[in-house]
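Student: Which chain is which? The protein sequence lines are D and Y, in order.
Note that our numbering has the first sequence beginning at 258, numbered continuously upward.
Note that our numbering has the second sequence beginning at 14, numbered continuously upward.
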Amino acid sequence: MSHLAPRPAPVAEPEPSVDRLASGLNIAADVVIGLCFLFFLIDVREVAMLPLNVAAWVILIAVVTLTQLGISRRVRLPDGWFTYARIAFGVVLVLDVFGVLGEVAHRVTGPFPTAAMATGAGLVMFATTQRGRAINMAAAALGILLLTDILFTVSPAYAFDYAPGVVSIAIAIIPPIIATAIVQSFRQMVEFQSDLSQAKGTTGGTGVSLGLNASEQLVRLDAQAEKLLDDVASGRTPLPLPDAIAEEASTIATQLRMNLVAGKSETWLYHALTESSVLGSVSTIDDPEGLAAGLAPDQRDGFLTALWMLAGDGDRVAQSLTVTVRRSSGAAGQNQRLAITLELIGVPKRRIDPAAWQAISRVGRYTDSFQAPTLRIDVDCALDVVADR
Amino acid sequence: MNARVAPPMNRISKERDRLLAAAARVYGALMTITAIVCFVLPYALQPTGLEITAVGLLLVALIGFLYLRVTSGIWWIIGTDAFAIAALFVVGSADSGTSNSAVAYGLGVIAGGSVAGVGIMLGTTGPRIVLYGVSLITSLTALVVFAGQTAYRYHAIAIGIAGWVFCTVLALWLGRIVPQAVRRIANMSDAYRAERAASETEARRRQGARLLHDTVLATLTLLAHSGVGVGEASLREQAGEDAALLRQLRMGFTPNPAASGEYKLRPVEESTLGNTLESVKQRFRRMGLEVTWHGKGQVLLPSDTLDAFLLALSESLENVRRHSGVGEAHVTITDDDQSVRAMVTDDGVGFSIDQIAPGRLGFSESIVARLRDVGGDARLFSAPGSGTTVVLEVPK
Chain D
258 MSHLAPRPAP VAEPEPSVDR LASGLNIAAD VVIGLCFLFF LIDVREVAML
308 PLNVAAWVIL IAVVTLTQLG ISRRVRLPDG WFTYARIAFG VVLVLDVFGV
358 LGEVAHRVTG PFPTAAMATG AGLVMFATTQ RGRAINMAAA ALGILLLTDI
408 LFTVSPAYAF DYAPGVVSIA IAIIPPIIAT AIVQSFRQMV EFQSDLSQAK
458 GTTGGTGVSL GLNASEQLVR LDAQAEKLLD DVASGRTPLP LPDAIAEEAS
508 TIATQLRMNL VAGKSETWLY HALTESSVLG SVSTIDDPEG LAAGLAPDQR
558 DGFLTALWML AGDGDRVAQS LTVTVRRSSG AAGQNQRLAI TLELIGVPKR
608 RIDPAAWQAI SRVGRYTDSF QAPTLRIDVD CALDVVADR
Chain Y
14 MNARVAPPMN RISKERDRLL AAAARVYGAL MTITAIVCFV LPYALQPTGL
64 EITAVGLLLV ALIGFLYLRV TSGIWWIIGT DAFAIAALFV VGSADSGTSN
114 SAVAYGLGVI AGGSVAGVGI MLGTTGPRIV LYGVSLITSL TALVVFAGQT
164 AYRYHAIAIG IAGWVFCTVL ALWLGRIVPQ AVRRIANMSD AYRAERAASE
214 TEARRRQGAR LLHDTVLATL TLLAHSGVGV GEASLREQAG EDAALLRQLR
264 MGFTPNPAAS GEYKLRPVEE STLGNTLESV KQRFRRMGLE VTWHGKGQVL
314 LPSDTLDAFL LALSESLENV RRHSGVGEAH VTITDDDQSV RAMVTDDGVG
364 FSIDQIAPGR LGFSESIVAR LRDVGGDARL FSAPGSGTTV VLEVPK
């Protein structure tokens, strides 16, 4: 079963991206930086070499300001800014650690390298543009460096006074970790919702169509044929044809013939599932007569919503999903009915959202049974006689 | 027909709560671990019974965070909140006399971390906001009272307040952008539907071009046998004809070759312009440009000339669509004994011809060169603010 990479949105309005998270995360980062600055002010009289700390803070604030202006597109930052920023953060760390170093050993509670702590919040600003791994690695490196610093500088005599150091490390590394977690969750959500939205594109129309894959294949084959013929016509390809190109012509002709002759139409359900990047690889459809085409658009919409919520919702995707569509042996003279059976493996029943049941009730009356590991749902579905069949 | 259903409120709020839960889980768990580390440091909390109680309460809160999911009920959230606040009170009230840095920082981390972490789940909607307020006031008041007597009060209180501000910013921001994003994605299914319909129509049109594909297939089959047994010149000529037909198909025309099925087709001598103009119009309408035709519709042209003429016409209209800034173009077709002319005009922004580098807009390359190949020509007239006119001319 083939499935495609997520298709780009066909509209001028772009798909919502993690960029939209950036301004909120920037504000959150500023809060943490503000806290660190407050710590700096509280202990400002106790540091050994104030100019070093001041320099560290100046560099940090400059980098943060530039980055945030860059994110809001008011300043154009050079390519590879993240690398420069990390280098700058490293400089901040060194200056700041040496700035406070002299005093720490003699005192119980610090002062601590506050600008160095704040570089963690500085990493938050990059969470939407850089890969999560890069951010987490930088945060881990920061944590290790701060830990080393604190282990070396805090006097062993005051063992319980590791607490301020522990909290400093936490303030440094928790913000970037949480930022990458949020960005990752947001990406997953966008991917899932886009997939569903794309699947719902199938619910209009007559219910039977060629589908995007076959349509795109035909366009591609035509283009390949055109190029090959063009090359022959212009003399770019020598005659008689080299074997490789003759082979290519044969392949194009065969595929083109199959595509044209078969003209194979499949139901909306088939297209929705096979084209999905979330459910495409786990789903099977058993609908030899293409009966799913008989569902009305609202029933289709409800069915797809239910499928996605049942099988793909949350952190895990179902291991397998089977949809069986059969004619229902109803009493004579009644409207035609369908018996649709859903079998899901790997979906604990308690994890199912009530909204999924609500959606499936738009398709028809249903009954469900759970026999580990399979959740089975039977839907008795009335076909509207005026539906376009 | 298109049952466009806006995503129901509960689906939107579920996605929002899922993100809030993820944020609260990570933040709450990490901060609670930090507080636990503070209290298990040697001599941090005395006596040992107090230490065990405080750490025990925090461990329960930690489990509460680790298993926090969007499906967790309100009681799960309240429970986690209660254990965190209880830890705050147990530590704060018992040790206020002999407090050290571990106690003060630990209190700050519980208030601004564990309790505020729960606040991420509470800060956005209706009745939960009451709980948010209660947690905020209780935890910060307790922090000020208990830690306020220690030497580290500024640090501790700053951590508590900053933690709450941090969590509130996250909660408000996620509560704002997640519903926006979900709605926007849901609206895109209309666009996907349109795209699907368009590609379906396109595929049907191509499948419908049976005769054309028959000749293309015949030629491809010959080529698959390396073209043995057919004169080289005629094979090249046939390939050129077929490539031209496919190109026309791609440009949105539906060319109909005169015969098919056998190899040596008669070259497509003449085609009428009329039946293709309508398809050009339809194609550009789909892309948002309304094309109005004037003048003669029935013009007979040799196929290579027709090919060049239609390509040049399409290119001109494409330029109007892209650069003119208006949604309407007029095409006037006239002919005389020797030539056929098309005048493509628009009322768009226009441009200064002097300032356009030669070859810009693909004009000389894709239009002029193509027409000159078949003995025709193109001319361009424009000035800023007064629209653009392109005159295309080909010999009959």
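Glycine included, each C-beta is placed from N, C-alpha and C at the ideal position.
Values in this document were obtained by computation on a predicted structure and should not be read as measured data.
(1) On the CB-based measure, 16 or more other CB atoms within 10 Å of its CB, does Gln351(Y) come out buried or exposed?
(2) Report whether the distance from the Cβ of Gln193(Y) to the nearest heavy atom of the ligand MN is below 6 Å.
(3) Should the segment 298-316 of chain D be called in touch with the segment 177-195 of chain Y, which here means at least 3 C-beta pairs below 8 Å?
(4) Pick out the complete alpha helix (DSSP H) segments inside the segment 597-638 of chain D, 4 residues or longer, and give them in chain order.
(5) I'd like to know if the segment 378-391 of chain D and the segment 403-410 of chain D are in contact, where contact means that at least 3 CB-CB pairs between them fall below 8 Å.
(6) Is there a C-beta anywhere in chain Y that falls below 7 Å from the one on Gly256(D)?
(7) Between which two residues does the alpha helix (DSSP H) holding Ala67(Y) run?
(8) Output, in chain order, the set of chain Y residues within a Cβ distance shorter than 7 Å of Ser507(D).
(9) Per DSSP, what are the beta-bridge partners of Gly308(Y) in this structure?
(10) Quick one, are the C-beta atoms of Asn516(D) and Gln474(D) less than 7 Å apart?
(11) Would you say Val643(D) faces chain Y, with C-beta separation under 7 Å as the test?
(12) When we look at the beta-carbon of Leu640(D) and count the other beta-carbons within 10 Å, is it buried (16 or more) or exposed?
(13) Report yes or no: is there a C-beta of chain D within less than 7 Å of the C-beta of Met201(Y)?
(14) Kindly say whether Arg343(D), judged by its beta-carbon, lies nearer than 7 Å to any beta-carbon of chain Y.
(15) Assign Gly653(D) to buried or exposed, taking buried as 16 or more other Cβ atoms, counted over all protein chains shown, within 10 Å of its Cβ.
(16) Chain D beta carbons: is any one of them nearer than 7 Å to that of Leu440(Y)?
(17) Going along the chain, which residues of the segment 427-454 of chain D sit with their C-beta nearer than 7 Å to a C-beta in chain Y?
(18) Check whether the segment 86-93 of chain Y and the segment 613-622 of chain D touch, using three or more Cβ-Cβ pairs below 8 Å as the test.
(19) Taking C-beta to C-beta, are Met264(Y) and Ser327(Y) nearer than 7 Å?
(20) Any idea which residues DSSP pairs Val582(D) with across the strands?
(21) Whole angstroms are fine: how far does the CA of Ala355(Y) sit from the CA of Arg385(Y)?
(22) Does the separation of the CB atoms of Ala378(D) and Ala438(D) fall below 7 Å?
(23) Compare the C-beta of Ser534(D) against all C-beta atoms of chain Y and say whether one is closer than 7 Å.
(24) Return the chain-ordered list of same chain residues with a C-beta closer than 7 Å to the C-beta of Leu165(Y), the five sequence neighbours on each side being excluded.
(25) In angstroms with no decimal places, state the Cα-to-Cα distance between Ala210(Y) and Thr463(D).
(26) Around the C-beta of Glu282(Y), are 16 or more other C-beta atoms found within 10 angstroms, so that it is buried, or is it exposed?
(27) Out of Leu225(Y), Val53(Y), Leu262(Y) and Gly361(Y), which has the shortest C-alpha to C-alpha gap to Asp418(D)?
(28) Determine the chain D residues that contact Leu156(Y) at a beta-carbon separation under 9 Å, and present them in chain order.
(29) Going straight from the alpha carbon of Arg29(Y) to that of Lys606(D), what length do you get?
(30) Does Ser466(D) come out as helix, strand or coil in the three-state DSSP assignment?
(31) Using beta-carbon positions only, say whether Leu350(D) and Ala373(D) come within less than 7 Å of one another.
(32) When you compare the CB positions of Leu292(D) and Ala175(Y), do they come within less than 7 Å of one another, or not?
(33) Step through the CB atoms of chain Y and report whether any lies within less than 7 Å of the CB of Asp353(D).
(34) What is the rounded straight-line gap between the Cα of Thr386(D) and the Cα of Ile316(D)?
(35) Buried or exposed for Pro433(D), please, with buried defined as at least 16 other CB atoms from any protein chain shown within 10 angstroms of its CB.
(36) Count the other C-beta atoms from every protein chain shown that fall within 10 angstroms of the C-beta of Val147(Y), then say buried if there are 16 or more, exposed otherwise.
Tutor: Reading off the structure:
(1) exposed
(2) Within the structure as shown, the ligand MN is missing, as the structure has no ligands at all.
(3) no
(4) Complete alpha helix (DSSP H) runs here, min 4: 611-617.
(5) no
(6) There is no way to answer for residue 256(D), as the model of chain D reaches only from 258 to 646.
(7) Thr61 to Leu79 is the extent of the alpha helix (DSSP H) around Ala67(Y).
(8) Per Cβ cutoff of 7 Å: Ala237.
(9) Ile346(Y)
(10) yes
(11) Because Val643(D) carries a pLDDT of 48, less than 50, the predicted location of this residue cannot be relied on, and the following value inherits that uncertainty. Residue-level contact by beta carbon fails for Val643(D) and chain Y, as no gap is shorter than 7 Å.
(12) buried
(13) Interface residue, yes.
(14) no
(15) Residue numbering for chain D in the displayed model covers 258 to 646; residue 653(D) lies beyond these limits and cannot be assessed.
(16) Here chain Y covers residues 14 to 409 and nothing more, so residue 440(Y) does not appear.
(17) Ala427, Ile431, Ile434, Ile435, Ala438, Ile439, Ser442, Phe443, Met446, Val447, Gln450, Ser451 and Ser454
(18) no
(19) yes
(20) DSSP links Val582(D) through a beta bridge to Ile597(D).
(21) Cα to Cα, the separation comes out at about 15 Å.
(22) no
(23) no
(24) The sequence given here places Tyr at residue 165(Y); Leu does not occur at that position. Once the five neighbours on either side are set aside, the close Cβ partners of Tyr165(Y) are Ser114, Ala117 and Tyr118.
(25) Cα-Cα distance, rounded: 11 Å.
(26) Residue confidence is low: Glu282(Y) scores 37 on pLDDT, short of 50, so the model does not pin down where it sits. Its coordinate-derived value is still stated next. Residue environment for Glu282(Y): exposed (fewer than 16 other C-beta atoms within 10 angstroms of its C-beta).
(27) Val53(Y)
(28) Those do not exist, as Leu156(Y) stays about 14 Å from chain D at its closest Cβ, beyond 9 Å.
(29) Roughly 22 Å separates the two Cα atoms.
(30) strand
(31) yes
(32) Their beta carbons are under 7 Å apart, which means Leu292(D) touches Ala175(Y) by this criterion.
(33) no
(34) Each residue's CA atom was taken as its position, placing Thr386(D) and Ile316(D) some 22 Å apart.
(35) buried
(36) Exposed: under 16 other Cβ atoms inside 10 Å.
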